[in-house]
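Numbering (my numbering), first residue to last: 2 to 135.
Each residue gets a CB set at the ideal place from its N, CA and C atoms; glycine is no exception.
Encoded as structure tokens, the structure appears first; notes follow it.
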Amino acid sequence: MQIKLIPLQAHGDARGSLVALEEGNNIPFEIKRVYYMFNTKEEIRRGFHAHKQLKQVAIAVRGSCQFLLDDGSEKVEVMLNNPAEGLLIESFMWREMFNFSEDCVLMVLADQLYDESDYVRNYDDFIETCKGNS
Ligand code: TYD
């Protein structure tokens, strides 16, 4: 499985750093929704779903966390700890997030509004659909 980490140019100077996110430029889709997770307890593992259509880019804007990405045939773990790097998560990718640092702020950009019907929350259903798609 190819993990797509998008380098986000940090504009740094004596004052500090700034990253700009632009639809169709460094973010490869129309940005319709942004959400972020914070105050995540250390022992928490969350996610446990895939999306039928939704594409997302996740950025640890502060702190760190790990992703497990699973395309139905391979599982890969990725550490996010750089606010100048985005993880592209395509549709039909099972994801779990874990090992959140206490200070972690995980921001996610999405190409669709929140839609519960786009979720696949059952892992067996996810695997069955992957088999059907291949
Ligand atoms: P949930 O899907 O449980 O998050 P995770 O995938 O990390 O386990 O979402 C938590 C709650 O937030 C749930 O009640 C749905 C709500 N929510 C929204 O209202 N809008 C959103 O964009 C997202 C991602 C979640």
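Rounding to the nearest angstrom, what Cα-Cα distance links residue i and residue j in this structure?
i, j, result
"Val121", "Leu22", "28 Å"
"Asn27", "Gln10", "9 Å"
"Asn40", "Ala51", "23 Å"
"Ile60", "Glu31", "16 Å"
"Ala85", "Val109", "13 Å"
"Val35", "Pro29", "14 Å"
"Met2", "Val20", "28 Å"
"Asp126", "His12", "43 Å"
"Gly48", "Gly133", "23 Å"
"Glu103", "Val58", "21 Å"
"Val79", "Trp95", "13 Å"
"Ala15", "Lys76", "41 Å"
"Gly25", "Asn83", "21 Å"
Find the nearest neighbour of residue i within the set the options, judged by alpha-carbon distance.
i, options, result
"Leu70", "Phe93, Thr130, Glu43", "Phe93"
"Tyr37", "Gly87, Asn83, Val62", "Val62"
Is the separation between the beta-carbon of residue i and that of residue j shorter than 7 Å?
i, j, result
"Cys66", "Cys105", "yes"
"Ile128", "Gly73", "yes"
"Gly97", "Lys56", "According to the sequence as given, residue 97 is Glu; it is not Gly. Taking 7 Å as the Cβ cut-off, Glu97 and Lys56 do not qualify as a contacting pair."
"Lys53", "Asp116", "no"
"Phe99", "Arg46", "yes"
"Leu89", "Leu81", "no"
By the 10 Å Cβ neighbour count, where 16 or more other Cβ atoms means buried, how is residue i classified, buried or exposed?
i, result
"Asp112", "buried"
"Gly17", "exposed"
"Leu114", "exposed"
"Leu6", "exposed"
Could you name the residues whose beta carbon sits closer than 5 Å to any heavy atom belonging to the ligand TYD, keeping them in chain order? This criterion selects Tyr36, Arg47, Gly48, Tyr115.
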